[in-house]
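The structure appears below as structure tokens.
2 protein chains.
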Amino acid sequence: MPITVTGSIAFDSVRTPFGERERMLGGTSVHFALAASFFDTVRVVGCVGEDFGDHEMDVLRRRGVEVDDVERIAGGKTFFWRGDYGWDLNSRETLATELGVFEGFQPKLGERSLASEVLFLGNIQPDLQRMVRAQMPHARLVALDSMNLWIDVARDSLLEAIKTVDCVILNDAELRQLTGKPNLVSAAQEVLGWGPQAVVAKQGEYGAALVTSQGFFSAPAFPLETVVDPTGAGDTFAGGFMGYLATHPAGKLKDEALRQAVICGTALASFNVEEFGTARVERLRGEEIATRVAELHKLTQFNMVSLPLRDNA
Amino acid sequence: MPITVTGSIAFDSVRTPFGERERMLGGTSVHFALAASFFDTVRVVGCVGEDFGDHEMDVLRRRGVEVDDVERIAGGKTFFWRGDYGWDLNSRETLATELGVFEGFQPKLGERSLASEVLFLGNIQPDLQRMVRAQMPHARLVALDSMNLWIDVARDSLLEAIKTVDCVILNDAELRQLTGKPNLVSAAQEVLGWGPQAVVAKQGEYGAALVTSQGFFSAPAFPLETVVDPTGAGDTFAGGFMGYLATHPAGKLKDEALRQAVICGTALASFNVEEFGTARVERLRGEEIATRVAELHKLTQFNMVSLPLRDNA
């Protein structure tokens with residue numbers, strides 16, 4: 001089932017301990033779409049400025065991503081972000097955020113975008129997420145991401161948006177902030193109580209956790225010796241996750257499919273961070289993903305044994 | 314195979330968002346021994362002050378722990394630690410550390426302690442770790458823990474100690490500090506290059522990772538809705554880990570046994586944090602451990618599927 005995604009399209013200037021790059025193609029929709037494109041057709045709803053060229057658009061088109069609903073605004077500038085990562089890549093400082101055309105972004109969904117049965121509401125103002133959601137009442141699988149800013153300044157609207165989706169995908173810190181519950185399991189269960197059937201807590205270098213009414217699943221990040229640039233890892237994860245579920249319409253919210261989706265998201269994200277920007281995922285091949293999924297299986301499995309426990313010493 | 318452990322025996326005063334407790338029984342050797350006692354006999358080498366009573370010693374004795382080599386020093390005071398945890402339990406502040414008799418601790422191993430074939434060198438001054446290790450040349454399985462202080466002030470001695478052990482168990486932050494490598498996989502591989510055959514990176518609420526020459530294994534922490542007191546979780550993990558391996562002398566450093574040992578450590582640690590101090594582990598039953606191990610199996614497993622990947626979109 002084709003997937004519609006709405007969220008930022010950006011230029012990112014990034015410095016990490018491994019180097020720096022200026023104005024790389026980035027943003028939620030880009031990272032998401034490239035990852036999900038390995039599974040199904042992705043339709044991007046977004047906006048860019050005049051500085052966004054055919055070269056950038058072609059990166060998406062080459063992966064079959066439909067960009068008819070990417071509005072290019074005359075005289076406008078594409079969203080720009082500049083950030084600097086610390087030595088262990090777990091902290092980052094935002095040096096500049098220039099919203100540009102993204103500030104007045106009003107998602108406009110054409111017929112094809114509206115017809116998708118899978119929808120990913122990337123991190124944008126929750127009012128806009130709700131507006132898009134409302135236009136796609138027949139979507140069979142809807143997930144949402146957000147960020148600390150919206151939890152701070154638009155919490156009520158975000159809660160309304162969350163009520164309308166099947167799955168919430170957030171960082172674990174955001175889940176805690178959103179619910180006021182320091183414990184991850186409690187926080188996720190609170191969100192499940194609002195309506196969604198699944199909560200995914202992204203945990204950066206530690207992987208991701210899935211909480212549903214059926215239980216808990218945890219997947220580590222794929223262990224890499226060199227992580228070059230974590231920018232977009234979360235959106236790439238979401239792309240792999242939603243992409244996999246889009247190919248499993250029947251079992252989309254069954255625990256087994258959700259677990260496999262988490263693993264697919266984990267695999268895709270692990271490629272994203274190996275190089276700057278979209279470089280690695282752009283030239284990724286399907287068989288590499290399959291290999292990494294198999295490796296993730298190998299490094300999480302263990303055999304059960306009967307334990308030689310001494311109850312009364 | 315019986316296990317000898319050397320490390321602190323302490324009184325801990327702890328405040329967490331769930332309450333506070335004064336002068337609870339604690340310390341590396343105590344948490345380790347209680348956990349490992351479910352698998353085999355533990356022999357503790359340590360020292361306490363006059364303020365350490367039979368009541369405390371009985372907590373260990375009830376679990377079959379041998380305390381002949383716990384020296385009670387007349388006129389001395391038992392190691393004391395006071396700490397305060399933040400709202401999400403991931404940060405803690407040390408409010409007081411009174412070394413007491415631990416300051417002059419000289420491990421004295423009696424015949425039975427010397428005869429153990431498994432040795433856990435808890436976090437003490439590395440010179441002492443090496444001294445104990447040297448007295449037990451026939452030990453078949455030796456593991457070591459340490460801390461940021463020793464990495465700072467006794468790095469050379471710690472490196473010498475590490476060369477003499479089979480397994481290093483550290484927090485991931487300590488592994489990074491020790492090796493100067495921000496990447497966990499690289500850091501662990503550096504340590505493997507020094508001699509040990511296995512490195513366990515403890516990751517707190519995120520679980521633990523195992524790195525050997527044969528590969529990587531990752532286990533999440535057991536998801537708990539309420540974590541009351543994380544004090545001693547790492548030592549309890551080490552106790553479950555080493556306890557399990559002590560019962561598997563043949564396969565002690567085979568990947569499969571090491572993975573199962575990580576799971577046993579994870580299970581034990583999850584009980585430790587459910588209540589203050591040693592309260593929960595003191596009344597733990599073997600079947601509860603087995604149940605939790607089975608639950609950990611359930612929440613980490615997924616079925617492999619052939620992926621519907623679209624290579625050329």
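Heads up: the sequence lines are chains A and B, in that order.
Each residue of the first sequence is one higher than the one before, starting from 1 at the first, in our numbering.
Each residue of the second sequence is one higher than the one before, starting from 314 at the first, in our numbering.
A virtual CB, placed ideally from N, CA and C, is assigned to each residue, including glycine.
Computed from a predicted model, the values in this text were never measured in an experiment.
Query	Result
Near T407 of chain B, what residues of its chain come up, given a Cβ to Cβ distance below 6 Å and the 5 sequence neighbours on each side ignored?	G396
Who are D382 of chain B's beta bridge partners in DSSP?	B:V358
Skipping 5 residues on each side, what residues in its chain have a beta carbon closer than 7 Å to that of Q516 of chain B?	D485 and A522
Indicate whether at least one CB of chain A lies closer than 7 Å to the CB of L622 of chain B.	yes
Just reading off the beta strand (DSSP E) that D12 of chain A is part of, what are its end residues?	A10 to T16
Output needed for S583 of chain B: all residues of its chain with C-beta closer than 8 Å, excluding positions within five of it in sequence on either side, in chain order.	A534, F535, L537 and R605
How far does the beta strand (DSSP E) with R140 of chain A in it extend, from its first residue to its last?	That residue, R140 of chain A, is in no beta strand (DSSP E); it is neither H nor E in DSSP.
What is the DSSP secondary structure of L402 of chain B, counted as helix, strand or coil?	coil
Which chain A residues sit within Cβ distance under 8 Å of V513 of chain B?	Simply none; closest approach about 14 Å.
Residues in the stretch 165-192 of chain A with C-beta within 8 Å of chain B's C-beta atoms, listed in sequence order?	R176, P182, N183, L184, V185, S186 and Q189
Is the separation between the beta-carbon of S8 of chain A and that of F102 of chain A shorter than 7 Å?	yes
Using DSSP with H/G/I as helix, E/B as strand and the rest coil, what is A346 of chain B?	helix
Can you pull the chain B residues whose beta carbon is under 7 Å from the beta carbon of L224 of chain A, in chain order?	V498
Less than 7 Å between CB atoms is the rule here; does G547 of chain B satisfy it with respect to chain A?	no
What residues match up with F241 of chain A in a beta bridge as DSSP calls it?	Bridge partners of F241 of chain A: none, in fact.
Which bits of chain B does A294 of chain A rub up against, with CB to CB less than 9 Å?	M617
From A154 of chain A to L121 of chain A, what does the alpha carbon distance come to, in whole angstroms?	16 Å
Please work out which residues of its chain come closer than 8 Å, Cβ to Cβ, to N148 of chain A, disregarding the five sequence neighbours upstream and downstream, and give them in chain order.	A173, E174 and Q177
Output, in sequence order along the chain, the residues in the stretch 422-455 of chain B whose CB is closer than 9 Å to any CB in chain A.	none
Who does D397 of chain B pair with in a DSSP beta bridge?	B:R328 and B:E406
What does R572 of chain B touch in chain A if you count any residue whose Cβ is under 7 Å from its own?	F302
Using DSSP's beta-bridge definition, name the partner residues of T317 of chain B.	B:R356 and B:L432
Can you tell which of B:G553, B:V575, B:G556 and B:N496 has its C-alpha closest to the C-alpha of A532 of chain B?	B:V575
Note down, in chain order, each residue of its chain lying with its Cβ closer than 6 Å to the Cβ of E275 of chain A, except the 5 sequence neighbours on either side.	V228
Name the DSSP bridge partner or partners of G26 of chain A?	A:A10
Residues in the same chain with beta-carbon distance under 6 Å from F80 of chain A, minus the five sequence neighbours each way, listed in chain order, please.	F11 and E98
Along the chain, where does the alpha helix (DSSP H) that runs through A603 of chain B open and close?	G599 to K611
Please state if the CB of L454 of chain B and the CB of V431 of chain B are separated by a distance shorter than 7 Å.	yes
P230 of chain A and L89 of chain A look like a contact to me (Cβ under 8 Å); what is the Cβ gap, rounded to whole Å?	5 Å
Cα separation between G302 of chain B and L427 of chain B?	Here chain B has residues from 314 to 626 only, and residue 302 of chain B is not among them.
Would you report the Cα separation of P52 of chain A and D58 of chain A, rounded to the nearest angstrom?	Here residue 52 of chain A is Phe; the residue named in the question, Pro, does not match the sequence. Taking the straight line from one Cα to the other gives about 11 Å.
Counting contacts by CB-CB distance shorter than 7 Å, is T247 of chain A in contact with chain B?	yes
Determine contact between the stretch 235-255 of chain A and the stretch 36-49 of chain A, defined as no fewer than three beta-carbon pairs at a distance below 8 Å.	yes
With a threshold of 6 Å on Cβ separation, who are the neighbours of E369 of chain B within its own chain once the five nearest residues in sequence on each side are excluded?	L338
Note down the Cα distance separating T247 of chain A from P17 of chain A, rounded to an integer number of angstroms.	38 Å
Between which two residues does the beta strand (DSSP E) containing G578 of chain B stretch?	Where G578 of chain B is concerned, there is no enclosing beta strand (DSSP E), although the alpha helix (DSSP H) it sits in stretches over D568 to N585.
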